[in-house]
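FYI, in our numbering the residues of the sequence shown are 63 to 331. Just below is one structure, and these are the notes that go with it.
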Amino acid sequence: MSTVVREPGTPYVFSNDRPTARQLLDALGQMHDPFTIRRLTEAGVAKGSRWLEIGAGAGTIAGWLADQVGPDGEVIATDVRPQHIREHPGVTVLAHNIVTDPLPAGQFDGIHARAVLQHLPERREVLARLAGALKPGGVVIVEEMEAGWSKSVLSTPDDRLHEITAHYEAALSQVLRTAGNDPTWCRSLFAAMETVGLEQVDTQSWQGSWRGGTGAALLASVGSTEQRERLIAAGMTGEELDLLATLGLDPRVVLRGILLLSTVGRRAA
C-alpha cells in the first residue's frame, strides 16, 4: 500500500499549489456549479445576509453568493491555499484551515462547503463547528462527491478505457483513504447533520455526462497526471495513466459525472 504524506497546513491530496490545480478546479466547477447554485437558491440566499464559503477553490460560488446578497451583505471565502479564488468586490478572501483556525459562533446566515469535509479525518467535529457558527435559523449546505470511475464510461473509441477507469478508481481510492479521505462520507451526512442538532435535513444528488476535455473527463485526465507517482505506487501502470490522460481530452469519449450529494440542514430559529 502506498503512503501519502499530507502537505503542511493542508489536508488535501490535490494541492492548489500545483500547476494542474486551476484545471481541476475549473473541471469541478463545470460539473457542479449549476446544481450547487440551485441548492443554494432553494435554501434561501437573501439580500443583506452573511455567508461563509469553506474551501472556496476558484471562487465561482463565492462570487455568485456575493451577487445575491448585494452590497449590504457579506461573503467570506476561505481556503487553506486561497490563491485561485477569483477577485470579486463583494468577497473577502481569507487563508483559513477549518480544522485548526478559529471560527466565530452564531455569525452566519449560511455556510457552504463542497468537496471539503470528506478529506478531513476530523469531519464530524468540523460539521459541529459549522452548525455552531450559524445564526438561529441559518442554513448549512455540505456537498460531497462519490466517485464511480469504474462505471463512468458511456462512450469511448478505445475499449481499454473501461478497464483503466476501474483501475483508476481502485488506485485513487487507496491514495485518498491513506490521506484520511472517507469516500462514504457523502452518505453519512444526513444522519451526521441530525446528530449535531440541525433540522429540516434534506439530501439531493446530481451527476450529468461529460465529453473529453470537460467536466469529469477533464478531471480524470488532469488527476491522472497530477497524482501519477502516487497512482503508480497504488498499482497503476504508466501506460494506463498516459492513455487515461489522452482519452480524457478526446471529444469522442463521454464519461458519467462524479455523483455529488448535496445535504442541507438548518439551525433551529
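Where a beta carbon is used, it is the ideal one built from N, C-alpha and C, also for glycine.
Residue i: first and last residue of the uninterrupted alpha helix (DSSP H) it sits in
i           : result
residue 130 : 122-131
residue 186 : 185-194
residue 284 : 277-288
residue 235 : 222-240
residue 84  : 83-105
residue 308 : 300-309
Which listed residue (the options) has its alpha carbon closest to that of residue i
i           : options               : result
residue 315 : 322, 201 and 306      : 306
residue 321 : 246, 288 and 225      : 246
residue 269 : 115, 88 and 92        : 92
residue 94  : 109, 188 and 122      : 122
residue 226 : 239, 241, 210 and 240 : 210
residue 119 : 139, 171, 168 and 301 : 139
residue 309 : 283, 291, 293 and 294 : 283
residue 302 : 110, 274, 222 and 257 : 222
residue 240 : 177, 259, 292 and 277 : 292
residue 313 : 212, 273 and 162      : 273
residue 83  : 253, 99 and 145       : 145
residue 349 : 87, 86, 85 and 130    : Since the first residue of the chain shown is 63 and the last is 331, residue 349 is not available in this structure.
residue 244 : 261, 212 and 177      : 177
Span of the beta strand (DSSP E) around residue i
i           : result
residue 153 : 153-157
residue 327 : 321-328
residue 174 : 170-176
residue 260 : Neither: residue 260 is in no beta strand (DSSP E) and is coded neither H nor E.
residue 137 : 136-141
Chain-order list of residues whose beta-carbon lies under 7 Å from that of residue i (same chain, five-residue window excluded)
i           : result
residue 331 : 198 and 199
residue 132 : 109 and 110
residue 68  : With a pLDDT of 36 at residue 68, under the threshold of 50, the modelled position of that residue is not reliable, and the figure given next carries that caveat. Cβ neighbours of residue 68 beyond the five flanking positions: 241.
residue 300 : 294
residue 72  : Any answer about residue 72 is weak, because its pLDDT of 47 lies below 50 and its placement is not dependable; what the coordinates show is given next. Closer than 7 Å at the Cβ level, and outside the excluded window around residue 72, lie 142 and 143.
Other residues of its chain near residue i: CB distance less than 6 Å, five sequence neighbours each side excluded
i           : result
residue 208 : 248 and 321
residue 108 : none
residue 113 : 127, 137 and 172
residue 264 : 326
Whole-angstrom C-beta distance between residue j and residue i, which should lie under 8 Å
i           : j           : result
residue 329 : residue 193 : 6 Å
residue 237 : residue 289 : 6 Å
residue 311 : residue 90  : 17 Å between Cβ atoms; not a contact.
residue 106 : residue 201 : 7 Å
residue 188 : residue 160 : 6 Å
residue 128 : residue 153 : 5 Å
residue 214 : residue 295 : Contact flag wrong, Cβ pair sits at about 23 Å.
residue 191 : residue 254 : Between residue 254 and residue 191 the Cβ distance is about 13 Å, and since that is not below 8 Å, they are no contact.
Sequence-distant residues of its chain with Cβ nearer than 8 Å to residue i (five each side left out)
i           : result
residue 101 : 203, 205, 266, 324 and 326
residue 297 : 229, 232, 233 and 236
residue 195 : 114, 165, 166, 167, 168, 169, 170 and 173
residue 276 : 89 and 92
residue 220 : 305 and 309
residue 259 : 193, 329 and 330
residue 86  : 76, 281, 284, 285 and 288
Under 7 Å between C-beta atoms of residue i and residue j
i           : j           : result
residue 318 : residue 271 : yes
residue 142 : residue 124 : no
residue 151 : residue 242 : no
Proximity test, residue i beta-carbon vs the ligand SAH heavy atom, cut-off 6 Å
i           : result
residue 127 : Of the ligands one can find in the structure shown there are none, so the ligand SAH has no counterpart to examine.
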